[in-house]
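Protein chains in written order, with this note's numbering: chain S, 7 to 121; chain B, -9 to 103.
The structure is reproduced here in structure tokens:
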């Protein structure tokens, strides 16, 4: 089982719709969760971090964390063509199990927002 | 947010030469820096983790004698690809971290002829 799993997509949504991106992780003791956006040919850009169960909103982005079910999701409201990118889920694995301070990334979900 | 720079942004070199890539955290002191490699249409692959003043920790399968990492200060880490070959052509990205978040540099595209 991969440590961090994402559906590779592509996920296609019409402009103005809500895009929902999902991620599951295997280490129940993980504490910190991040969403990065990566445009083609560019490096990843941190867009959201979440540490507690529940929702965290920042502009059009909402991150949701459910530690009991071991999933984290990212909602993008009013999707725009400029949101078209690959979205990477990243997790700080549990320090106690040797995760250290490095991030473990999923393989990313490609999002396409269509006009 | 925190700013991380990389230099050069791209480099083309002949097979057998060595290439040095610099990674700097511009507005914060990074406790740890990370080096990643990404091949086209593939995910990020962590190569090594470096802490200031100590030896880098390499991921399994990464040759430490080929990819030399020096982390001389809290704001600067360098990756040297020694005796580069065409299969080393890739997108190399560094990130600098505080205890929690990591911020990525813009990346260096290496092409070995």
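Quick reminder that beta carbons are idealized off the backbone N, C-alpha and C, glycines included.
In this model, residue 20 of chain B and residue 79 of chain B are separated by some 27 Å (Cα to Cα). Runs of beta strand (DSSP E) with 3 or more residues, each lying fully within the region 39 to 98 of chain S, are found at 51 to 56, 60 to 64, 67 to 72, 77 to 82 and 91 to 98, listed in chain order. Only those residues of the region 59 to 85 of chain S whose C-beta falls short of 7 Å from the nearest C-beta of chain B would be listed, and there are none.
Look at residue 83 of chain B: its C-beta is under 7 Å from a C-beta on chain S.
Leaving aside the five residues that flank residue 55 of chain B on each side, the residues in its chain whose CB is nearer than 8 Å to its CB run, in chain order, 72.
Assignment of residue 20 of chain S by DSSP, reduced to helix, strand and coil, places it in the strand class.
Assignment of residue 77 of chain B by DSSP, reduced to helix, strand and coil, places it in the helix class.
Under DSSP, residue 27 of chain B shares a beta bridge with B:35 and B:82. The beta carbon of residue 72 of chain B does not come within 7 Å of any beta carbon belonging to chain S, so the residue lies off that interface. The C-beta of residue 97 of chain B comes closer than 7 Å to at least one C-beta of chain S. Residue environment for residue 9 of chain B: buried (at least 16 other C-beta atoms within 10 angstroms of its C-beta).
By the C-beta criterion, the region 45 to 53 of chain S is judged to be in contact with the region 90 to 101 of chain B, since at least 3 inter-stretch pairs fall below 8 Å.
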